[in-house]
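K.L.:
There are 2 protein chains.
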Amino acid sequence: MLLNRLGEFGLIKRIRKSIKYYDPSVIKGTGDDCAVLALDKNNYQLFTCDMLVEGVDFRHNEDPYLIGRKSLAVSISDIASCGGSPRYCLVSLSVTKKTSVAFADKFLRGMLDLAKKFKINIVGGDLTRSSQLAIDVSMLGSVEKKNLVLRSGAKNNDIIFVTGSLGGSISGKHLRFTPRVKEARFLVENFKINAMIDISDGLLQDLGHILEESGVGATVYEELIPLSKQAKNLKDALYSGEDFELLFTASPAEAKKILKLKPGISRPIGEITNAQGLRLIDKRGRQDLIKHKGFTHF
Amino acid sequence: MLLNRLGEFGLIKRIRKSIKYYDPSVIKGTGDDCAVLALDKNNYQLFTCDMLVEGVDFRHNEDPYLIGRKSLAVSISDIASCGGSPRYCLVSLSVTKKTSVAFADKFLRGMLDLAKKFKINIVGGDLTRSSQLAIDVSMLGSVEKKNLVLRSGAKNNDIIFVTGSLGGSISGKHLRFTPRVKEARFLVENFKINAMIDISDGLLQDLGHILEESGVGATVYEELIPLSKQAKNLKDALYSGEDFELLFTASPAEAKKILKLKPGISRPIGEITNAQGLRLIDKRGRQDLIKHKGFTHF
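Residue numbers (the working numbering), protein chains in the order written: chain S, 14 to 311; chain Y, 14 to 311.
1) Applying a beta-carbon distance threshold of less than 8 Å, which residues of chain Y neighbour S:R142?
2) Quick one: Cα of Y:H310 to Cα of Y:K26, how far?
3) Is S:N169 closer than 7 Å to S:N287 when the C-beta atoms are compared?
4) Grouping DSSP H, G and I as helix and E and B as strand, with all else coil, what is S:M14?
5) Have a look at Y:R18 and Y:D149 and give me their C-alpha separation to the nearest angstrom.
6) Along the chain, where does the alpha helix (DSSP H) that runs through Y:K159 open and close?
7) Among the residues of its own chain, which have a CB less than 6 Å from the CB of S:M64, if the five just before and after it don't count?
8) Using beta-carbon positions only, say whether S:G2 and S:L50 come within less than 7 Å of one another.
9) Taking all protein chains shown into account, do 16 or more other C-beta atoms lie within 10 angstroms of the C-beta of Y:R346, making it buried, or fewer, making it exposed?
10) So, helix, strand or coil for S:N56, using DSSP?
11) What residue range is occupied by the uninterrupted alpha helix (DSSP H) comprising Y:V194?
12) Using a beta-carbon distance below 7 Å, is S:S84 in contact with chain Y?
13) Can you say whether S:R100 is buried or exposed, counting buried as having 16 or more other CB atoms within 10 angstroms of its CB?
14) Could you give the distance in angstroms between the alpha-carbon of S:L146 and the alpha-carbon of S:D249?
15) Leaving out the 5 sequence neighbours to the left and right, which residues in its chain are closer than 8 Å to Y:K312 when beta-carbon positions are compared?
16) Quick one: measure Cβ to Cβ for Y:V156 and Y:P239, integer angstroms, because I've assumed they're closer than 8 Å.
17) Check the Cβ of S:Q145 against every Cβ in chain Y and list those closer than 7 Å, keeping chain order.
18) Thinking just about the alpha-carbon of each residue, which of Y:L220, Y:G138, Y:G123, Y:A268 is nearest to the one in S:S151?
19) With a threshold of 8 Å on Cβ separation, who are the neighbours of S:F22 within its own chain once the five nearest residues in sequence on each side are excluded?
20) For S:N207, count the other beta carbons within 10 Å of its own beta carbon; 16 or more makes it buried, fewer makes it exposed. Which is it?
21) Along the chain, where does the alpha helix (DSSP H) containing S:G123 start, and where does it finish?
22) For S:T112, which residues in chain Y fall below 9 Å Cβ to Cβ?
23) Quick test of your reading: Y:Y34 and Y:G42, contact by CB under 8 Å. State the CB separation rounded to the nearest angstrom.
24) Among S:Q289, S:A268, S:I285, which residue has its Cα nearest to the Cα of S:S279?
25) Does the distance from the C-beta atom of S:P77 to that of S:K119 stay below 7 Å?
26) For S:G185, count neighbouring C-beta atoms within 10 Å of its own C-beta (all shown protein chains included) and say buried if the count is 16 or more, exposed if not.
27) Name the two residues that bound the continuous alpha helix (DSSP H) containing S:E235.
28) Counting only beta-carbon separations shorter than 7 Å, does Y:S213 have a partner in chain S?
29) Could you check whether Y:L179 and Y:D256 sit closer than 7 Å to each other, using their CB atoms as the reference points?
30) May I have the straight-line CA-CA distance separating S:D45 from S:E67, to the nearest angstrom?
31) Counting only beta-carbon atoms, is S:A117 nearer than 7 Å to chain Y?
32) Is it right to say Y:V93 is buried, meaning 16 or more other beta carbons lie within 10 angstroms of its own, or is it exposed?
33) Taking only the alpha-carbon atoms, compute the straight-line gap between S:G215 and S:L251 and give it to the nearest angstrom.
34) Quick check on the DSSP output: the beta strand (DSSP E) that includes S:V87 runs from which residue to which?
35) Express the C-alpha separation of S:R292 and Y:D126 in angstroms, rounding to a whole number.
36) Cβ closer than 9 Å: which chain S residues qualify as neighbours of Y:T191?
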């Protein structure tokens, strides 16, 4: 049986079942945007990795500066999703026979510029060769214990929020987005955020991850979903990946406080329910129980 | 200009020059087997990654169990080189259209078995697809501050040692080796080891890294080099990669103590000199000043 019959998330479930932890210092292993490890009295360490491959995550003729930038940005976004600050990373890079020095220089410049912006220390890496350009960035961050947010904390009646706007990322945003570290840190420092994830595989699929890990359902209102200028239509905003916006939930009391902020940081799009499943309400009030789906790699 | 004209180590130098650290918690960034980060009063954290690609690090028809095993083993070996213990890792895996569920299961089993042996927590990862199987493992370990060993600590008159025997790894050892964690821990806990590296690119090339980082030279005696049964000849032991044995140096006084151990753990092969360069002495006493070289990826 080929892996594509099992699917990406089928394989992930299979892996998660067979993994054992040998140490109570593993606060959260697989199943979230980052692994969470014991660090010191007040802080956890966050640990995450993301692999980008030519033809999947970027085109082969893409600006190398933007490829380098994105390689770092996706992992920074994972650290932000857990409420943390990025600190160190390693870069594994597989180049092809045709890769030029000019490409490597621009790629590196894209990485270094984003690393500088977030004060991230690129402390090492590995170089190899293959027939397709591939980059894997592994990143360490830290978060105060009280500010850690996981996918699993959503509660009945929580309000669901997103930052920014959604859809059409493929037209360029996926290469140019600024990871929402500032926004995530502002949220966790000022409010009680119950669950959070970054939207990498599409709004509905990533909301699905929160629902699954939290054991809850959700109702989402189509007319509340903030469409980006690049979004082709609502479907694009619901299903397409790589928006890298934050999706989070907070209790109604906390939500009231968040809503008092000047607009722009985040908008409510629905609520968490005890009833399982994801219900999408259209503009006429019609309800559709949908299977959450979005981008998968295989 | 294509990257292969600059070469793997040329590119590494170029990258190292342009990287900045924003934080005194970076004890050692690029340029060693692991990055070294501040952890707590008595310990450092070690952080390393290794990318393995089909056709470079293993054949496409290789036993998936051994591919999984090796993916973890090479990073464990890096942690051992710094004197540390491996603790956590992430696994990025890029599969092809033809990858089967059976392959994934065996691959995972190879990883899990080695993780169990060393009590390493596999705390997450990333899945994607490409035309060539690729695996990147990033690993965290820890080491007592007093036991940290880097490439840069070799001193004039140090004796150079290797563990095990060298050469012929391509016939199978590169897939089946047990990383020298036990041996490295024994060495750092009982002796003052000045410099250490694991032999991944060939004895002379990896010794060259120690010399370069330490600003010293070395004399190596051909007749002292322990050849493995699989080694074709001396050249094979000197230049071919993936032995994953430890190469380390210690002062003559410490070396005497190490030599009193029951044989088998490590053997002396030469000494560190103030004179720059790497001199190889053959069985007739003839001296050859060699350019250190070995495996490079491009």
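The beta carbon of each residue, even a glycine, is placed where N, CA and C say it ideally should be.
P.N.:
So, from the data block:
1) In the first sequence, counting from the first residue as 1, residue 142 of chain S sits at position 129. Residues of chain Y passing the Cβ test: V66, V69, H310, F311.
2) For the purposes of this step, residue 310 of chain Y is taken as the residue at position 297 of the second sequence. For the purposes of this step, residue 26 of chain Y is taken as the residue at position 13 of the second sequence. Their Cα atoms are separated by approximately 15 Å.
3) Position 274 of the first sequence holds residue 287 of chain S. Position 156 of the first sequence holds residue 169 of chain S. It is a contact, given that the beta carbons lie within the stated cut-off.
4) Numbered from 1 along the first sequence, position 1 holds the residue referred to as residue 14 of chain S. Of the three classes helix, strand and coil, the one that applies to S:M14 here is coil, per DSSP.
5) To locate residue 18 of chain Y, count along the second sequence from 1; it is residue 5. To locate residue 149 of chain Y, count along the second sequence from 1; it is residue 136. Answer to the nearest angstrom: the Cα atoms are 25 Å apart.
6) Residue numbering aside, residue 159 of chain Y sits at position 146 when the second sequence is read from its first letter. No alpha helix (DSSP H) holds Y:K159; DSSP gives it neither H nor E.
7) By one-based count along the first sequence, residue 64 of chain S stands at place 51. Only D149 meet the Cβ criterion.
8) Because chain S in this structure spans residues 14 to 311, residue 2 of chain S falls outside the shown range and cannot be described.
9) No information on residue 346 of chain Y is available, as it lies outside the stretch 14 to 311 that chain Y covers here.
10) Against the first sequence, residue 56 of chain S aligns to sequence position 43. Three-state DSSP puts S:N56 in a strand.
11) Working through the second sequence from its first residue, we reach residue 194 of chain Y at position 181. Counting along the chain, the alpha helix (DSSP H) containing Y:V194 begins and ends at 194-203.
12) Locating residue 84 of chain S in the first sequence gives position 71, where the first residue counts as 1. It does not: the Cβ of S:S84 has no partner Cβ on chain Y nearer than 7 Å.
13) Stepping through the first sequence from its first residue, residue 100 of chain S is reached at position 87. Looking at its Cβ environment, which holds 16 or more other Cβ atoms inside 10 Å, S:R100 is buried.
14) Mapped onto the first sequence, residue 146 of chain S falls at position 133. Mapped onto the first sequence, residue 249 of chain S falls at position 236. Answer to the nearest angstrom: the Cα atoms are 28 Å apart.
15) Residue 312 of chain Y lies beyond the residue range present for chain Y, which begins at 14 and ends at 311; the question has no answer from this structure.
16) Here residue 156 of chain Y corresponds to residue number 143 of the second sequence, with the count starting at 1. Here residue 239 of chain Y corresponds to residue number 226 of the second sequence, with the count starting at 1. In fact, because the Cβ distance is near 27 Å, the residues do not count as touching under 8 Å.
17) As a first step, residue 145 of chain S is located in the first sequence; it is residue number 132 there, counting from the start. The answer, in chain order, is S143, S144, Q145.
18) To locate residue 151 of chain S, count along the first sequence from 1; it is residue 138. Closest by C-alpha distance to S:S151, out of Y:L220, Y:G138, Y:G123, Y:A268, is Y:G138.
19) The residue labelled residue 22 of chain S in the question sits at position 9 within the first sequence. Taken in chain order, the residues that qualify are T309.
20) In the first sequence, residue 207 of chain S corresponds to position 194, counting from 1. Looking at its Cβ environment, which holds 16 or more other Cβ atoms inside 10 Å, S:N207 is buried.
21) Translated into the one-based positions of the first sequence, residue 123 of chain S becomes position 110. Here the alpha helix (DSSP H) through S:G123 covers 114-131.
22) Position 99 of the first sequence, counted from the first residue, corresponds to residue 112 of chain S. The contacting residues are L15, L16, N17, F311.
23) Your numbering for residue 34 of chain Y matches position 21 in the second sequence. Your numbering for residue 42 of chain Y matches position 29 in the second sequence. About 6 Å separates the beta carbon of Y:Y34 from that of Y:G42, a gap short enough to meet the 8 Å contact definition.
24) Against the first sequence, residue 279 of chain S aligns to sequence position 266. Among S:Q289, S:A268, S:I285, the Cα nearest to that of S:S279 belongs to S:A268.
25) Residue numbering aside, residue 77 of chain S sits at position 64 when the first sequence is read from its first letter. Residue numbering aside, residue 119 of chain S sits at position 106 when the first sequence is read from its first letter. Taking 7 Å as the Cβ cut-off, S:P77 and S:K119 qualify as a contacting pair.
26) Here the question's residue 185 of chain S lines up with position 172 in the first sequence. Counting Cβ neighbours within 10 Å, S:G185 comes out exposed, since fewer than 16 surround it.
27) Looking up residue 235 of chain S in the first sequence gives position 222. No alpha helix (DSSP H) contains S:E235, which DSSP labels as neither H nor E.
28) On the second sequence, position 200 is the one that residue 213 of chain Y refers to. Not an interface residue.
29) Position 243 of the second sequence holds residue 256 of chain Y. Position 166 of the second sequence holds residue 179 of chain Y. In this structure, Y:L179 lies closer than 7 Å to Y:D256 by Cβ.
30) Within the first sequence, the letter at position 32 stands for residue 45 of chain S. Within the first sequence, the letter at position 54 stands for residue 67 of chain S. C-alpha separation (whole angstroms): 25 Å.
31) Residue mapping note: residue 117 of chain S aligns to position 104 of the first sequence, counting from 1. S:A117 counts as touching chain Y.
32) For the purposes of this step, residue 93 of chain Y is taken as the residue at position 80 of the second sequence. Checking the sequence, you will find Ala at residue 93 of chain Y rather than Val. The residue in question, Y:A93, is buried, as its Cβ has 16 or more Cβ neighbours within 10 Å.
33) Residue numbering aside, residue 215 of chain S sits at position 202 when the first sequence is read from its first letter. Residue numbering aside, residue 251 of chain S sits at position 238 when the first sequence is read from its first letter. Roughly 6 Å between the two C-alpha positions.
34) Looking up residue 87 of chain S in the first sequence gives position 74. Per DSSP, S:V87 belongs to no beta strand (DSSP E); it is in the alpha helix (DSSP H), 77-94.
35) Start at 1 with the first residue of the second sequence, and residue 126 of chain Y comes out as number 113. Start at 1 with the first residue of the first sequence, and residue 292 of chain S comes out as number 279. Going from the Cα of Y:D126 to the Cα of S:R292 covers about 43 Å.
36) Taking the second sequence and counting its residues from 1, the one referred to as residue 191 of chain Y is at position 178. In chain order: nothing, as chain S lies at least about 18 Å away.
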